[in-house]
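I have placed the structure first, in the form of structure tokens, so that the comments after it can refer back to it.
Number of protein chains: 2
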Amino acid sequence: MARKKVTSKDVAKAAGVSQATVSYVLNNVDRANISEKTRLHVQQIARDLGYTPNVVARSLVQGRSINIGMALFHPHEQIFIDSWLPNILTGFGSVIQQYGFRLLVERVNDKQQYESIINLLHGHEVAGMVVQSTLGSEFISTELINQGIPVVIFGSLSEHIHYSVSSDNLTGVRTLINHLIGLGHQRIACISYAPEGTVEHASDRLTTYYETLAAAGISPDPSLVRFGAFDPFTGYEAMRDLLRCKPRPTAVFGMNDTMAIAAMAAIQEAGLRVPEDIAVVGFDDDRFAAFTTPSLTTIHESQREIGHHAGEMLIDLLNDVKPAVPNLILPTQLVVRKSCGAHLTQQDLVP
Amino acid sequence: MARKKVTSKDVAKAAGVSQATVSYVLNNVDRANISEKTRLHVQQIARDLGYTPNVVARSLVQGRSINIGMALFHPHEQIFIDSWLPNILTGFGSVIQQYGFRLLVERVNDKQQYESIINLLHGHEVAGMVVQSTLGSEFISTELINQGIPVVIFGSLSEHIHYSVSSDNLTGVRTLINHLIGLGHQRIACISYAPEGTVEHASDRLTTYYETLAAAGISPDPSLVRFGAFDPFTGYEAMRDLLRCKPRPTAVFGMNDTMAIAAMAAIQEAGLRVPEDIAVVGFDDDRFAAFTTPSLTTIHESQREIGHHAGEMLIDLLNDVKPAVPNLILPTQLVVRKSCGAHLTQQDLVP
DNA sequence: ATACTTTACTTATACGTATAAGTAAAGTGA
DNA sequence: TCACTTTACTTATACGTATAAGTAAAGTAT
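Chains as they are written, first to last, in the numbering used here: chain A, 826 to 1176; chain F, 826 to 1176.
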């Protein structure tokens, strides 16, 4: 079937030199003192024969893979439901590609989490890993780091462990809730993107939501909290349920834009107006957030930058360089659009 | 740093047998006639030492990688702008994972398209590939298939080449346009997701758009066509431009949901109503399509199934099995929601 | 009892590369 | 001229595995 693979030995034979010489020439090994004449000759033959080095053999002898693994913990259905992961993948991929690495995407079931990652690393398939922040990632990273294996955690962390890149998402939550409070809201509902206890940062964000309300003198009301599951449908259902509360919430905080957008649909379908009857805010600054009706007020997370920095940090670790900032926390940003009603309030102030 | 890697030789020494025996035991090679006693003993020792086979060495000796490459041609910015690719990745990944393969994601710049893929394959990094359908993928696949290399093309194809999985997207376009025509529309604008000539299926969809109009006796009007670039902003801008047409189009066909949703935003921002003033339809059935206001009429493509079938086809090829259907074309489906105005028309019919 | 088969392993080799160590010839300095 | 260095290579080995080929002991058939 496939035409026979050209090896460095074939090139050597055709060029009338040893295999070692071919290797030295093609890897530009200076200390080998290959003459210009031989060098050009070998290069020419290699080109003529269409030689491509066998990456597997090279990895074996060098004891290092050119692959970098990305471990993703969400069940298949949820992995790509938000644009954050694709964004991170883009940012991360472009960095490691520059350094000659390739990206091995590993989706991990909860059950064999740890084992699967260990296999990747011990099997020498990957030189290092980025691991999505999730429940248990601290344990995993500690374990791996103790073994001297290059691992970077990325995502939304609460505790800042070595090595990690995350966004300052709790400050984001605080900013968002305070923004609503500043607009005069007292009954602020919350749609979490995961059932209690399943996703670490969901719990953290929820806690921060409670704390921020309390700090403003508003006693938090657990009956205004619903739990979705990342996707629009659960956000929609959660909102329909919230609409049954008496008195109704005057504002809703969706933990991601996906669910916030679906919540707006539920509100509008019920004949109510956003933001006049109920204000809505999201989190992530999804690509659609600016193009919904009304446009969505949200927190901008630099997802692609998280990926980018995670890539650079991992490259550092692979080169035995201690990263300057072992746990990088990128700032988030409040993006005020129409769904929170801030523009209405401003109009009121300019009569 | 990293604690020393346990090899099969280490296991052999600890178990008091040869390395070959370890290999035979752990791979369950029947013809090697390993006694039950030795088998259990070796397995125990392997477990105790935490042995993990070195996948790289195994690939080298077997001449086959356990990685499968996925070649993506869009520039970084565009790869993940729609949910179709994540969906395909999910469908594909779950299949090959079942068969013990891992997924190597390779983003390819236009310039060195071909070379990059060839390197992946010749470098023995991957056992086979799935290649995103795009301009030039026919050339690439023909070339690779001639060399006996397992390759499956996926996406939206016009010509059906071996081996490929695509959706019947041109029938989808026809259905969509005819749906609008059936609702009485004559001035149907189109927002293409790519500049003319850059993306194969964009041109195909555009041609089908023209043909369908012509077939219905509507003379196609190129002044109603705009070219975006996949993302919401370009869709928004294209729509704003279309709004300046006199007379205005009464309906708009967005080549993907992303741009169609943004087009709705542009229309509503201009103080017009969807669908009363301008009807809008999209393509893809994005996860948000059901949750916009109004909800978006669109064509449902079974993206995850495309990935799934591409995975199964590739596994077949890797096992030297000729796939039953060498170019699989999955049906598309019209999903009628609110943005096209079909529900209004029905109300009119029931006075 | 001898020839042959089966059992249960071990020994040896190959995969394709990188690189340390070796070597012959040419060049250099005093 | 002789010792020493440099040049320009070649030879040899290692990476960790799979597997063909070899082998000693035990079992079986005649």
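Glycine included, C-beta positions come from ideal geometry on N, C-alpha and C.
Exposure label - residue i; buried when at least 16 CB within 10 Å
| i | result |
| --- | --- |
| Glu861(F) | exposed |
| Glu1021(A) | exposed |
| Val854(A) | exposed |
| Pro1072(F) | exposed |
| Arg1162(F) | buried |
| Ser1048(F) | exposed |
| Asn994(F) | buried |
| Gly1166(F) | buried |
| Thr1033(F) | buried |
| Glu984(F) | exposed |
| Arg1069(F) | exposed |
| Asp1056(F) | buried |
| Ser843(A) | exposed |
| Ala827(A) | Low confidence applies to Ala827(A): its pLDDT is 44, below 50, so where it sits in the model is not reliable, and the reading given next is rough at best. Under this definition Ala827(A) is an exposed residue. |
| Ala857(A) | exposed |
| Thr915(F) | buried |
| Gly980(F) | buried |
| Ala1019(A) | buried |
Alpha-carbon to alpha-carbon, residue j and residue i
| i | j | result |
| --- | --- | --- |
| Ser992(A) | Met1138(A) | 15 Å |
| Cys1015(A) | Ala839(F) | 58 Å |
| Ala1114(A) | Val836(F) | 56 Å |
| Thr832(A) | Arg889(F) | 15 Å |
| Ala1027(F) | Ile1006(F) | 21 Å |
| Asp814(A) | Ser848(A) | One cannot answer for residue 814(A) here, as it falls past the ends of chain A, which runs 826 to 1176. |
| Leu1038(A) | Thr1083(A) | 23 Å |
| Asn1144(F) | His949(F) | 17 Å |
| Trp909(A) | Val998(F) | 30 Å |
| Pro1074(F) | Gly1096(A) | 29 Å |
| Val956(F) | Thr1170(F) | 43 Å |
| Thr1157(F) | Ile1131(F) | 11 Å |
| Thr877(A) | Leu929(A) | 21 Å |
| Ile1140(A) | Asn1152(A) | 15 Å |
| Arg883(A) | Ala845(A) | 13 Å |
| Tyr1035(F) | Asn1003(F) | 11 Å |
| Ile978(A) | Tyr1061(A) | 31 Å |
| Pro1148(F) | Ile974(A) | 41 Å |
| Phe917(A) | Leu982(F) | 30 Å |
| His947(A) | Met954(A) | 12 Å |
| Thr1125(F) | Ala952(A) | For the record, residue 1125(F) in the displayed sequence is His; it is not Thr. About 40 Å. |
| Val990(A) | His1134(A) | 7 Å |
| Phe1108(F) | Thr959(F) | 18 Å |
| Pro911(F) | Pro911(A) | 7 Å |
| Val933(F) | Val1024(F) | 15 Å |
| Thr1122(F) | Asp1110(A) | 24 Å |
Close-in-space but distant-in-sequence residues of the same chain around residue i (CB under 8 Å, 5 per side omitted)
| i | result |
| --- | --- |
| Glu931(A) | Gly894, Met895, Ala896, Leu897, Ser941, Ile942 and Leu945 |
| Thr1117(F) | Ile1086, Met1089 and Ser1164 |
| Gly925(F) | Ile891 |
| Asn879(F) | Lys830 and Thr832 |
| Arg1112(F) | Ser908 |
| Ser1017(F) | Ala1027, Arg1030, Leu1031, Val1050, Arg1051, Phe1052, Gly1053 and Met1080 |
| Glu1101(F) | Gly1166 and Leu1169 |
Opposing strand residues paired with residue i [DSSP bridges]
| i | result |
| --- | --- |
| Cys1015(A) | Val1050(A) and Phe1078(A) |
| His1125(A) | Asp1109(A) and Gln1158(A) |
| Asn1152(F) | Ser989(F) |
| Glu931(F) | Ala896(F) |
| Gly953(F) | Ile893(F) |
| Ala1104(F) | Ala1076(F) |
| Val977(A) | Val955(A) |
Beta-carbon separation (whole angstroms), residue i vs residue j, contact threshold 8 Å
| i | j | result |
| --- | --- | --- |
| Met1064(A) | Ile1092(A) | 6 Å |
| Leu1001(A) | Val1106(A) | 5 Å |
| Val1150(F) | Leu885(A) | Not quite, the Cβ-Cβ distance comes to about 38 Å (not below 8 Å), so this is no contact. |
| His987(A) | Ile965(A) | At roughly 13 Å, the Cβ-Cβ gap does not stay under 8 Å, so His987(A) and Ile965(A) are not in contact. |
Cβ-based neighbour list, residue i, same chain, cut-off 6 Å, excluding 5 preceding and 5 following
| i | result |
| --- | --- |
| Ser1127(A) | Leu1155 |
| Ile921(F) | Ile893 and Gly1136 |
| Ala871(A) | Val836 |
| Ala1076(F) | Leu1005, His1010, Ile1013 and Ala1104 |
| Ile859(A) | Tyr849 and Val850 |
Same chain only: Cβ atoms within 7 Å of residue i, ignoring 5 sequence neighbours per side
| i | result |
| --- | --- |
| His866(A) | Ala840 |
| Thr996(F) | Thr1157 |
Any non-hydrogen atom of the ligand HEM closer than 7 Å to residue i Cβ
| i | result |
| --- | --- |
| Thr1117(A) | Ligands displayed in this structure: none; no statement on the ligand HEM is therefore possible. |
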